[in-house]
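In the working numbering, the protein residues as written are 3 to 308.
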Ligand SMILES: C[S@@+](CC[C@H](N)C(=O)[O-])C[C@H]1O[C@@H](n2cnc3c(N)ncnc32)[C@H](O)[C@@H]1O
């Protein structure tokens, strides 16, 4: 059914005003461990885990990403393996690695933010946590069977990621895998064309919002990763690229987008018509009448030669 502009706008605005905000069963929504959203300098991580709603944001992110990630990663894991999970966030993939490591395996979880590391250590006695910055971390040599990064490299816009991949390659055991799981497709106006049924300014506004964030997130880098891996000496480099059309509403897609935009609003307040369009888009993420193309997902894997 074709949406008519005025009623949909009214419903969206009303639902935004009335909506109490996200909650996740069993999770606290705020506490003295957390902070309000903060603007950080170019190249620094813009979606800090210290933010008061980051637990919810990461929880919905995991819910939406895990099925595709785990289907691709699972066949490469082996019992007794040594795993490195870089930027684990709330740690659903750390838990997945712990499930596959068997009693003799190990998982090292490295994050620049300390907030959730104690919880990750509690997943299993085989999980060791490291509080550190991957851009200066020395992972050693011939240590890991599997190194995994999901949604970390795209945030490292000022780092020498080619040198980082070379370091990770060195840290793999012969035959070990480097697996990079990223978003691609940020400021592509076609991702949001159906938002134009709500207000014809929304697709352009959203594309501009992504452009405003490009000092903090590089949605093109994913396409370059296969060549970067090959240049670092990895072999059997393979790529899987996929994109979904998703529906808004009270689901992981809607809530994750709404929370990410809430955390990042300070970066986009100067966009034209922001005061009108921001409430509209926040309501749209939470509306079952709204559809968009999610970020593309790129899964890039390479192996250290035997
Ligand atoms: C978008 S979250 C992704 C979390 C998790 N990988 C997932 O996909 O559910 C990015 C994570 O990387 C961490 N991170 C960001 N920059 C980092 C850095 N330079 N070194 C280590 N961890 C970093 C953040 O603290 C956060 O936990």
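For each residue, glycine too, the CB sits at the ideal point set by N, CA and C.
Item: On the DSSP bridge assignment, give the partners of residue 300 in chain order.; Value: 184, 243
Item: To the nearest angstrom, how far is it from the Cα of residue 103 to the Cα of residue 269?; Value: 41 Å
Item: Touching or not, the segment 83-101 and the segment 285-298, by the rule of three or more beta carbon pairs under 8 Å?; Value: no
Item: Give the C-beta separation of residue 222 and residue 186 to the nearest angstrom, bearing in mind that I take them to be a contact with Cβ-Cβ under 8 Å.; Value: 7 Å
Item: Grab me the residues of residue 93's own chain with a C-beta within less than 7 Å of its C-beta, minus the 5 sequence neighbours each way, in chain order.; Value: 111, 118, 121, 122, 125
Item: On the three-state DSSP scale, how would you describe residue 174?; Value: strand
Item: Per DSSP, what are the beta-bridge partners of residue 152 in this structure?; Value: 183
Item: Suppose the cutoff is 8 Å on Cβ atoms and the five residues either side in sequence are ignored; what does the same chain contact list for residue 28 look like?; Value: Its pLDDT being 31, under 50, residue 28 is placed unreliably in this model, and the value from its coordinates should be taken loosely. Closer than 8 Å at the Cβ level, and outside the excluded window around residue 28, lies no residue.
Item: At the level of alpha carbons, what is the spacing between residue 266 and residue 203?; Value: 20 Å
Item: Under 8 Å Cβ to Cβ from residue 283, same chain only, skipping five residues before and after it: list those, please.; Value: 197, 204, 207, 208, 263
Item: Identify the continuous beta strand (DSSP E) that holds residue 42 and give its terminal residues.; Value: Element bounds for residue 42: n/a, residue is neither H nor E.
Item: Give the secondary structure of residue 146 by DSSP, where H, G and I count as helix, E and B as strand, and everything else as coil.; Value: strand
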